[in-house]
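Take a look at the structure below.
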Amino acid sequence: MIKRSGKELRELFLSYFEQKEHKRFPSFSLIPDDPTLLFTIAGMVPFKPYFLGLKKPEVLRATTSQKCLRTNDIENVGRTSRHHTFFEMLGNFSFGDYFKERAIPWAWEFLTEVIGLDPERMYATIYLDDDEAFEIWNKVVGLPESKIVRMGEKDNFWAAGPIGPCGPCSELIYDQGPAFSCGKPECFVGCDCDRYLEVWNLVFMQYNRDEEGNLTPLPKKNIDTGMGLERLASIVQGARSDFETDLFLPLIEKVSRLSGVEYAANKRFDTAMRVIADHLRALAFMIADGVLPSNEGRGYVLRRLLRRASRYGRVLGLDRPFLIELMPELLEIMADHYKELVEYRSTIESVINLEEKRFSRTLDQGSALLEEEISRVVRSGSSVLSGETAFTLYDTYGFPLELTEEICQEQGIEVDREEFERCMERQREMARTASKQLASTVQKEVHSALLAKFGPTKFVGYESDEAESKVLAILKDSREVEEAHEGEEVEILLAETPFYAEKGGQVGDKGWIETSTGKLEVLDTYYYHDVLIAHRVRVKSGYVSADDEAKAKVDLSRRNAIRRHHTSTHIVHEALTRVLGPHIRQAGSYVSPDYLRFDFTHFDAISRDDIVKIEQIANEVIQANIKLNIFETSMEEAKKIGAKAFFDEKYGDRVRVIQIPGYCAELCGGLHVNATGDIGLIKIVEEESIGSGLRRITALAGMAAVSHYQELFDLVKDLTLISGVEAGSLKEKFTDVFQDIKNLKSELQRSNLKLALSQCDKILSQRQIVNGFTVLTGKFEDLDADILRQVGDHLKKGLKKVLLVLGSSFEGKVVLVAMADEDAVRDGIHAGKFIDRIAKIVGGGGGGRPNVAQAGGKEVEKLEDALNAVPRILTELLGV
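Just add 6 to the spot in the sequence shown (first one is 1) and you have the working numbering.
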């Protein structure tokens, strides 16, 4: 067997199947076009619509080296020789063409003849009752019966997820020899050790599994195979693990040089280096595919991986941000095949560096708190860290729960997950955005049946704003009905439609549908299964029946406003790139008749001067009145003219290009103006941050922009009348006014502080000693939290082991401040936890650090009760 690099093995595989008449596809995005999956977890995921029969494939055979990401076993990455987050899956696929009779012999031929694996060391597993696969392995390939192992559903029945295409499978196994064995007498195929290594999985895709677990035969039998490039490389290169191959080792060696720690000398340090190498690969490809750090979904996974890698850097003594220093080695390994790493290198490095710096700032504080709490747990003889502590680490210091659990595990301590979840529910600040998720099982079955019955909806809206059509079906509450009457809201399917369905950020059309018996108002238009267009309608008069002839007419005024905003989105995007740089990448958009919203990668707020430049470029393009070229072409030709691509064209080579000659070109399926002059005007009205490394621009086009300027003009006129100065002097006038207000507020604060300090002697005279602590409480009126803290600082002077709680009514609400000195904190006082208990009495909540915290509440009348409760709550919290 010839020792080959990972690059060579990838190319050998793809070339082999090209010779077998498979079309080679580039790797699809890690972000799947499948709402049931966070990431692309297997090579078959981009082809799922083919396997389900939802789309007709343009080719019957395909081969890929697909980027994949799996996150179900993150804690094992680095600890074992085979677990990874990011990996490449080599695969060959048949869409109703060949089946087992070719898939099995080809896999055998590739491994034994092309790669040169020893046939004597090869085994195959098959599903329990798959006699057809057995016959091919035994009679066609010539594998002895003793080397064909029948196994159950757990091992030899494969699916890409809980629902979707699935089927029995056959795995090719390679015996690495006794040196890799666990040593148990029963060690054989199926053992968890590394001796009998699963190399290639051949899935015979025959069924679709629904949410109830029912299996339905697919329209055509398909082949889906998957072989990890990293695992194949480890065998061919004679490596003890995937991490010792040329796909990982240069990264590990770079970490070793940066840290001064030798690899393969210490198990704990080896784990750290493996985690860093693995996670860096995942981070780079996720960011290149548009994932950015956030607190939920894909962004949370990215943030968790980055923080886990950064924390393992600390294990190696790397106390500074260092991950981007590995990028040259990653590019050397991967960039030949994955050009996006080069194209988005600056974005990848900026996101990683910014996020790692932010985490480093809180890591020291959080680590100190965690170490202190772990020590406390150990001293108390317990083995459980409170969920409240874990939540504080998550909420205040940005520690993912899994990271806290991992650090605790190293000390033999568990985390109280249930308590953590209760804290999360109680204090969660981020509301989940409602979105159109997967429909219910009933809905999906109805939509699938309608698609099978009628096929895709014919869209004629590019050519016309109205169409003669026919009502194919009426849906009410996800059930097909024959009629809908005045006042009812239902969904209508038409044979053909001019209504644009919501897609690519552009909202759906509205308008009217008329039949001989009724008039329907179209409230929204959207897709089912990407090809079936549904119209949500209200019957305004009469009734509508299935099979009625219908006239569909789009609200043209609204559509034209959408057109103006959509073309403006393209114009603004290009202007952003010209002003800010080529790293600008679309991360999302929303196009409506009233405004446009454009999300993009950038790491700083845009200056006012740059906003002016962007608007100037955009409006110059509008004034030039450039006629748009809108055409379909091949993906290859689109790339040649420099068209920006932001939507995965997974299942076809034909793409729609929107070109403003001499300015920009993008792939886009939306509606646009005929010429840029039709827009009239663009005005950017807001620029904001919506996440780490992510900005958002909101802009107005056409009459919406004109109306905005009219409102501003009216406002300026009103202000000149109120202030009695000319428009040119308004800025100076209001600067003076606000400075006067600021001075008056400062003077008022000084007076309030002086008044409050005059009450300190009375508060000190009423101090109490509770369980060895000096307790002070004070009630005030019309003081904010800042003044209360200043009063607290004054009261603490000269006192030891003191806890004070001050409260005030302020602007109709309660303000509370708790403070503790070093002695009190050392003996168990936590002001943040304490103030939260007190605040509950006044109908509020709060928190903070052990030595100082603040809270608020709504029930001013209960402030006295809250302050009187301080000694009791202190006793309860101390457990006395």
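C-beta: ideal position from N, C-alpha, C; glycine also.
None of these values were measured; they are calculated from a predicted model.
Span of the beta strand (DSSP E) around residue i
i	result
Glu694	688–697
Asn207	202–215
Lys541	Sequence inspection shows His at residue 541; the Lys mentioned does not correspond to that position. 538–551 is the extent of the beta strand (DSSP E) around His541.
Asn78	Taken as a continuous stretch (DSSP letters only), Asn78 belongs to no beta strand (DSSP E), as it is neither H nor E.
Ile480	472–482
Asn162	No beta strand (DSSP E) contains Asn162, which is instead part of the alpha helix (DSSP H) from 159–162.
Val663	660–666
Ile519	517–520
CB contact flag (residue i, residue j, <8 Å)
i	j	result
Glu141	Ile179	no
Lys13	Asp325	no
Ser574	Ile685	yes
Ala671	Lys689	no
Val1	Trp112	Residue 1 lies beyond the residue range present for the chain, which begins at 7 and ends at 886; the question has no answer from this structure.
Glu494	Val545	yes
Pro599	Arg542	no
Leu602	Ala707	yes
Ser522	Asp554	yes
Val820	Val848	yes
Val560	Asp515	yes
Leu499	Ala473	no
Val578	Ile703	yes
Gly393	Glu424	yes
Spatial distance of residue i from residue j (CA atoms)
i	j	result
Ile632	Ile664	12 Å
Lys768	Leu391	42 Å
Val876	Lys864	18 Å
Leu149	Thr503	57 Å
Glu416	Arg309	22 Å
Thr741	Ser613	21 Å
Met292	Thr583	22 Å
Leu399	Thr368	10 Å
Met436	Asp370	Per-residue confidence for Met436 stands at a pLDDT of 39, beneath the threshold of 50, marking its modelled position as unreliable; the derived number appears in the next sentence. Looking at the two C-alpha atoms, the distance is approximately 26 Å.
Asp135	Leu208	16 Å
Ile354	Glu753	50 Å
Glu119	Phe465	50 Å
Glu268	Thr277	12 Å
Leu444	Val452	Reliability fails at Leu444, whose pLDDT of 36 lies under 50, so the model's placement of it is uncertain and the value that follows must be treated cautiously. Distance between the alpha carbons of Leu444 and Val452 is about 13 Å.
Asp252	Ala611	41 Å
Arg438	Gly305	In this prediction, Arg438 scores a pLDDT of 34, lower than 50, which makes its location untrustworthy; the coordinate-derived value is nonetheless stated afterwards. Roughly 14 Å separates the two Cα atoms.
Ile728	His714	21 Å
Leu873	Val858	17 Å
Asn82	Ser356	28 Å
Leu750	Ile282	56 Å
Leu43	Val781	55 Å
CB-CB length for residue i against residue j, believed under 8 Å
i	j	result
Phe116	Tyr22	5 Å
Ser5	Leu322	A question about residue 5 goes unanswered here, because the residues of the chain that appear run from 7 up to 886.
Ala830	Lys807	5 Å
Phe505	Gly467	6 Å
Start and end residues, alpha helix (DSSP H) containing residue i
i	result
Leu280	In the sequence as presented, Leu is not what sits at residue 280; that position holds Arg. 273–294 is the span of the alpha helix (DSSP H), which, as asked, contains Arg280.
Ser381	351–386
Glu17	12–25
Met641	641–646
Leu401	One point to set straight first is that residue 401 is Asp, not Leu, in the sequence displayed. 393–403 is the extent of the alpha helix (DSSP H) around Asp401.
Pro256	255–265
Best match in the options for proximity to residue i [C-alpha to C-alpha]
i	options	result
Asp79	Ala859, Tyr202, Arg156, His285	His285
Ala490	Ser551, Ile703, Glu787	Ser551
Pro223	Lys273, Gly170, Glu250	Gly170
Gly372	Lys363, Phe405, Glu355	Phe405
Ser262	Ala644, Ala294, Leu15, Phe328	Phe328
Leu884	Gln755, Val384, Asn777	Asn777
Ala458	Leu36, Leu60, Asp39	Leu60
Met279	Phe249, Asp295, Leu700, Gly699	Phe249
Thr639	Ser316, Ile617, Arg662	Arg662
Met6	Ser247, Thr251, Ala239, Trp206	In the structure as shown, the chain starts at 7 and stops at 886, and residue 6 therefore has no counterpart that could be examined.
Pro889	Gly244, Leu238, Val242, Cys172	This structure leaves residue 889 out entirely; the chain is present only between 7 and 886.
Gly818	Gly804, Leu789, Cys193, Pro63	Leu789
Ser100	Thr682, Leu257, Arg67	Arg67
Thr77	Asn301, Val307, Ala239	Val307
Short CB-CB distance (under 8 Å) between residue i and chain D
i	result
Ser262	The chain labelled as chain D is not found in the depicted structure, where only one protein chain is given.
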